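Colleague: Take this structure first; my questions come after.
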Amino acid sequence: MYSSTQKLPQRTSDAIATSCTILFGLFSFFYLFFLQSELLAEAQFVFSHGVTTYSSFFGALMITIILILVQLLTARLSKLHGKTYAVTYFPSFMLLGVLSSIDRDVLADFSFGNWAWIMPLLLVMYCLVVLIIKQIEFHFSSFDDESHTSRYLWPNYLILLIQILWCGSLQDANDVFLYELKAEQYIIDGEYGKAAEVGRQSLRTSRRLNQLRCFALSQMGELGDRLFDYPQPYRGEGLIDITDTLAYERFTSRDVCEALGTYCGKSIRSVNRYLDIVMESETARTDTLVGEYYLCNRLLNNDLQGFLRTLPLYHNITDSTPLTDLPKTYKEALVIEASAISEDSLNNFCDSLILQSYREYKALQEAYKDDTERLNYSRRQFGNTYFFHHDYCGNSVLLSEYDR
Numbered sequence: 000m001y002s003s004t005q006k007l008p009q010r011t012s013d014a015i016a017t018s019c020t021i022l023f024g025l026f027s028f029f030y031l032f033f034l035q036s037e038l039l040a041e042a043q044f045v046f047s048h049g050v051t052t053y054s055s056f057f058g059a060l061m062i063t064i065i066l067i068l069v070q071l072l073t074a075r076l077s078k079l080h081g082k083t084y085a086v087t088y089f090p091s092f093m094l095l096g097v098l099s100s101i102d103r104d105v106l107a108d109f110s111f112g113n114w115a116w117i118m119p120l121l122l123v124m125y126c127l128v129v130l131i132i133k134q135i136e137f138h139f140s141s142f143d144d145e146s147h148t149s150r151y152l153w154p155n156y157l158i159l160l161i162q163i164l165w166c167g168s169l170q171d172a173n174d175v176f177l178y179e180l181k182a183e184q185y186i187i188d189g190e191y192g193k194a195a196e197v198g199r200q201s202l203r204t205s206r207r208l209n210q211l212r213c214f215a216l217s218q219m220g221e222l223g224d225r226l227f228d229y230p231q232p233y234r235g236e237g238l239i240d241i242t243d244t245l246a247y248e249r250f251t252s253r254d255v256c257e258a259l260g261t262y263c264g265k266s267i268r269s270v271n272r273y274l275d276i277v278m279e280s281e282t283a284r285t286d287t288l289v290g291e292y293y294l295c296n297r298l299l300n301n302d303l304q305g306f307l308r309t310l311p312l313y314h315n316i317t318d319s320t321p322l323t324d325l326p327k328t329y330k331e332a333l334v335i336e337a338s339a340i341s342e343d344s345l346n347n348f349c350d351s352l353i354l355q356s357y358r359e360y361k362a363l364q365e366a367y368k369d370d371t372e373r374l375n376y377s378r379r380q381f382g383n384t385y386f387f388h389h390d391y392c393g394n395s396v397l398l399s400e401y402d403r
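When the sequence shown is numbered by numbering that gives the first Met the number 0, its final residue is 403 and no position is left out of the sequence of numbers.
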């Protein structure tokens with residue numbers, strides 16, 4: 000009896016190997032380039048202690064080439080052919096899965112996590128599976144002539160597809176962590192507009208993600224206009240993640256503080272305290288970035304009196320400079336203050352669009368008696384306004400929906 004490897008036509012064998020290599024190479028490159036580039040950039044920065052940087056294109060290309068070389072070595076050692084040739088890609092898919100399962104714990108502890116024992120176990124199981132396949136092929140397989148090459152291609156493609164799905168399911172980082180990495184990369188690249196859009200449609204957030212998006216908005220001069228485009232469950236503490244002491248991040252709260260002109264070290268544990276110190280500097284009154292952060296912090300903490308005291312320092316509010324020149328969030332805060340004073344003050348408010356929006360918001364509050372129903376409708380229609388934040392930022396039901 001002859002081994003199955005002796006009966007497979009060379010042209011069929013070449014077609015299987017070439018097509019599988021192309022398919023795997025395309026998947027690996029695009030998977031690494033489009034879905035894992037920020038994660039790998041962060042990992043390289045951490046593990047090299049900031050000495051080297053990761054290139055999305057060349058990094059994906061080099062890793063893909065290495066994985067193909069691993070497959071070629073596996074194929075040479077296992078001598079699998081025919082309908083099971085794609086099984087030789089398993090070690091490469093496993094290594095690709097290890098790369099894509101990097102998370103906070105791996106970066107912080109420089110460890111392989113569960114892969115330290117899973118990889119050896121999978122390799123032992125893989126060797127057993129290869130031995131079983133070879134025995135089955137030796138005793139039962141018979142190859143047709145090369146005109147039936149397609150009979151050997153589709154089983155390999157199916158095996159590749161199963162391994163692709165398995166590899167994709169191994170990504171261990173949660174959505175918020177990936178949002179953070181993507182926003183961080185955009186900021187490093189100076190693409191603040193893209194950084195501000197990361198995770199915008201999601202209710203899930205973190206202090207770090209809020210810090211990154213707020214910084215991106217501030218660099219575009221839009222912090223006062225778009226502060227509440229995102230969930231703000233942390234109040235002012237989400238404006239600057241002042242307690243963040245992680246050493247592996249490429250863009251940290253220290254970078255934000257340096258942009259504001261003052262770094263107070265690790266002794267300052269409160270955003271309020273930090274910004275009060277910043278405001279004591281000689282240049283604070285002329286620094287619009289400092290002013291926007293200070294004013295937004297007051298609004299995030301619902302400190303309307305502090306906001307009103309500080310606003311004239313950075314914005315000239317007179318009869319000749321209408322409120323329409325102010326950022327949207329500031330106008331919304333002034334509407335709430337005018338409403339609290341008297342109905343006449345509210346009627347004299349000069350921004351008709353903001354006033355109309357506020358009246359619609361108040362009408363909605365009165366329309367729904369059930370607290371949960373009112374909250375949901377308010378968030379759906381006015382979640383990006385200071386009106387909503389002012390009334391609901393401390394709501395326990397709402398806070399439970401965020402990653403805190």
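Cβ coordinates follow ideal geometry from the N, Cα and C atoms, glycine included. Computed from a prediction, not measured in an experiment: that's the story for all the values here.
1) Below 8 angstroms on the Cβ atoms is my guess for residue 19 versus residue 95; work out the distance and round it to an integer in Å.
2) When we look at the beta-carbon of residue 392 and count the other beta-carbons within 10 Å, is it buried (16 or more) or exposed?
3) So for residue 201, helix, strand or coil by DSSP?
4) Identify whether residue 10 lies in helix, strand or coil by the three-state DSSP scheme.
5) Assign residue 413 to one of two classes, buried (16 or more other C-beta atoms within 10 Å of its C-beta) or exposed (fewer than that).
6) Over the uninterrupted alpha helix (DSSP H) stretch that includes residue 355, give me the two end residues.
7) On the premise that residue 353 lies in contact with residue 330, defined as a C-beta separation below 8 angstroms, what is that separation, rounded to the nearest angstrom?
8) Between residue 84 and the rest of its own chain, which residues show a CB-CB distance below 6 angstroms, the 5 nearest in sequence each way excluded?
9) Once the 5 residues before and after residue 284 are set aside, which same chain residues still bring their CB inside 7 angstroms of it?
10) Which same chain residues, not among the five before or five after residue 327, have their C-beta less than 6 angstroms away from its C-beta?
11) So which of 180, 218, 217 has the shortest CA-CA distance to residue 204?
12) Do you know whose CA, among 125, 291, 239, lies nearest residue 263's CA?
13) Nearest CA to the CA of residue 258: which residue from 291, 271, 227?
14) Where does residue 260 fall in DSSP's three states?
15) Do the CB positions of residue 132 and residue 86 come within less than 8 angstroms of each other?
16) Do you know how far the Cα of residue 186 is from the Cα of residue 334?
17) In the structure shown, what three-state DSSP assignment does residue 155 receive?
18) For residue 26, does the count of other Cβ atoms within 10 angstroms reach 16, so buried, or fall short, so exposed?
19) For residue 180, does the three-state DSSP call read helix, strand or coil?
20) Does the structure place the stretch 296 to 304 close enough to the stretch 381 to 392 that three or more beta carbon pairs sit under 8 angstroms?
21) Pop quiz: residue 212 and residue 182 are said to be a contact at Cβ under 8 angstroms. What is the actual Cβ separation, rounded to whole angstroms?
22) Check whether the Cβ atoms of residue 58 and residue 34 sit closer than 8 angstroms, and answer yes or no.
23) Determine the DSSP secondary structure at residue 193, reduced to helix, strand or coil.
24) Return the chain-ordered ranges of every alpha helix (DSSP H) run that is complete within the stretch 278 to 342 and spans a minimum of 4 residues.
25) According to DSSP, simplified to helix, strand and coil, what is residue 221?
26) In whole angstroms, give me the CA-to-CA distance for residue 289 and residue 226.
27) How would you label residue 93, buried or exposed, when you count the other beta carbons within 10 angstroms and need 16 or more for buried?
28) Would you give the residue range spanned by the alpha helix (DSSP H) that residue 97 belongs to?
29) Would you mind sorting residue 372 into buried or exposed? The rule is 16 or more other CB atoms within 10 Å of its CB.
30) On the premise that residue 53 lies in contact with residue 43, defined as a C-beta separation below 8 angstroms, what is that separation, rounded to the nearest angstrom?
31) CA-CA distance, residue 194 and residue 174?
32) Give me the Cα-Cα distance between residue 293 and residue 274, rounded to the nearest whole angstrom.
33) Count the other CB atoms within 10 Å of the CB of residue 74; is the residue buried (16 or more) or exposed (fewer)?
34) Take the Cβ of residue 361 as the centre, count every other Cβ of all protein chains shown within 10 Å, and call the residue buried at 16 or more, exposed below.
35) Under DSSP, the alpha helix (DSSP H) around residue 386 begins and ends at which residues?
36) Would a C-beta distance cut-off of 8 angstroms place residue 176 and residue 249 closer than the cut-off?
Modeller: Concretely, from the data shown:
1) 15 angstroms between Cβ atoms; not a contact.
2) buried
3) coil
4) helix
5) Nothing can be reported for residue 413, as the shown portion of the chain is limited to 0 through 403.
6) 351 to 366
7) 5 angstroms
8) 15, 155
9) 312
10) 224
11) 180
12) 239
13) 291
14) coil
15) yes
16) 33 angstroms
17) helix
18) buried
19) helix
20) yes
21) 6 angstroms
22) no
23) helix
24) 287 to 299, 303 to 313, 327 to 340
25) coil
26) 15 angstroms
27) buried
28) 89 to 99
29) exposed
30) 4 angstroms
31) 15 angstroms
32) 6 angstroms
33) buried
34) exposed
35) 385 to 391
36) no
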